[in-house]
Amino acid sequence: MNRKGLMGIVKSPKFLGVVLSLVILGALIAAGPASAFNLGLRVVGDNYAEVGEAVKVEIGMKLRDGDQYIPVRKIDFRVIPVGSYNGQGDLNCVFDVYGEVIDGCYGVTNIIQRGVNVEFGEGRANFLNSSYNFGYGYGITDDFGYRLVFDSGLYGVGDYDGQFIIYAGEGQERRIFSNRLRGMMHIIE
Numbered sequence: 002m003n004r005k006g007l008m009g010i011v012k013s014p015k016f017l018g019v020v021l022s023l024v025i026l027g028a029l030i031a032a033g034p035a036s037a038f039n040l041g042l043r044v045v046g047d048n049y050a051e052v053g054e055a056v057k058v059e060i061g062m063k064l065r066d067g068d069q070y071i072p073v074r075k076i077d078f079r080v081i082p083v084g085s086y087n088g089q090g091d092l093n094c095v096f097d098v099y100g101e102v103i104d105g106c107y108g109v110t111n112i113i114q115r116g117v118n119v120e121f122g123e124g125r126a127n128f129l130n131s132s133y134n135f136g137y138g139y140g141i142t143d144d145f146g147y148r149l150v151f152d153s154g155l156y157g158v159g160d161y162d163g164q165f166i167i168y169a170g171e172g173q174e175r176r177i178f179s180n181r182l183r184g185m186m187h188i189i190e
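All residue numbers for the sequence shown refer to the working numbering, where the first residue is 2 and numbers rise by one.
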């Protein structure tokens with residue numbers, strides 16, 4: 002191919018369109034999947050527990066876009082022995098957004114809700130030393146979570162991961178968000 006022919010291809014609108022499309026596609030792939038939540042999972046205090054000791058775990062969720070509404074249907078918290086990757090745990094605790102048990106939760110002695118504050122009217126709320134002014138209408142904080150207390154005596158000595166899964170959306174718009182904390186707790190004698 003001669004020099005004039007190659008320059009003609011480079012200057013053609015089709016070539017520039019293909020190159021621009023590939024650059025945009027590459028940027029979208031590099032950005033990764035979008036997530037509506039920032040998710041957090043942690044053990045309150047030391048993550049070493051003696052058999053029979055109460056373990057406190059905090060699950061935190063913060064909406065990335067405070068103006069966004071995501072209808073959370075249920076939350077599934079699991080305690081999984083290290084090395085088990087089938088997703089089944091020694092503890093499966095499924096509860097709704099208000100902390101009411103839907104299924105399982107054997108050994109969970111308490112589910113404490115924090116930050117879920119839905120109200121109608123002239124909305125003002127205080128949460129973690131922050132003030133929220135919703136104006137008139139419906140309001141909900143964009144930072145919420147739960148503290149679960151469970152009995153470590155139901156598990157054998159060993160290392161455990163923690164995982165929680167949020168099931169959100171309705172109809173065709175169902176979404177699942179998940180976070181797994183490796184080495185969440187270590188049960189000792």
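Beta carbons: idealized from backbone N, C-alpha and C, even for Gly.
**Study point:** Same chain, Cβ closer than 8 Å to P72, five either side skipped, listed in chain order
**Key:** If you ignore the 5 residues before and after P72, its C-beta comes within less than 8 Å of the C-beta of A169, G170 and E171, all in its own chain and listed in chain order.
Exercise for review: Identify every residue that forms a DSSP beta bridge with R43.
Suggested key: Note: R43 sits in a beta bridge opposite E59.
Exercise for review: Round the Cβ separation of F165 and L42 to the nearest angstrom and send it over; I've been treating them as touching at under 8 Å.
Suggested key: With a contact defined as Cβ atoms closer than 8 Å, F165 and L42 qualify at about 6 Å.
Review point. Excluding sequence positions up to five away, which residues of its chain have a Cβ less than 7 Å from the Cβ of G108?
Key: Excluding sequence neighbours, G108 sits near L92, F151, D152 and L155.
Check your understanding: In terms of alpha-carbon separation, which member of I76, P82 and I25 lies closest to Q114?
Key -> Nearest in C-alpha terms to Q114, of all of I76, P82 and I25, is I76.
Check your understanding: According to DSSP, which residues form a beta bridge with R75?
Key -> It should be noted that the sequence gives Lys, not Arg, for residue 75. Beta-bridge pairing links K75 to Y168.
Review point. With burial defined as no fewer than 16 other Cβ atoms inside 10 Å of the residue's Cβ, what is the status of A55: buried or exposed?
Key: A55 is exposed by the Cβ-count criterion.
Review point. Helix, strand or coil: which one does DSSP assign to V150?
Key: DSSP places V150 in the strand class (E or B) of the three-state scheme.
Exercise for review: Consider the C-beta atom of Y156 and the heavy atoms of the ligand NAP; say whether any pair is separated by less than 7 Å.
Suggested key: You won't find the ligand NAP in this model; it holds no ligand whatsoever.
Point to revise | C-beta atoms of I103 and Y147 nearer than 8 Å | key: No, these two residues do not count as a Cβ contact at 8 Å.
Practice item. Keeping to the same chain, check which residues put their C-beta closer than 8 Å to that of V45; ignore five residues upstream and five downstream. Key: Only K57, V58, E59 and R148 meet the Cβ criterion.
Review point. Going straight from the alpha carbon of V95 to that of L23, what length do you get?
Key: A direct Cα-to-Cα measurement between V95 and L23 gives close to 43 Å.
Practice item. Could you tell me which of L40, F16, I25 and V83 sits nearest to G184, measuring between CA atoms? Key: Here the closest residue by C-alpha is V83.
Review point. Taking buried to mean at least 16 other C-beta atoms within 10 Å of its own C-beta, is V98 buried or exposed?
Key: The residue in question, V98, is buried, as its Cβ has 16 or more Cβ neighbours within 10 Å.
Review point. Across which residues does DSSP place D160 in a beta bridge pair?
Key: Looking at the DSSP assignment, D160 forms a beta bridge with H187.
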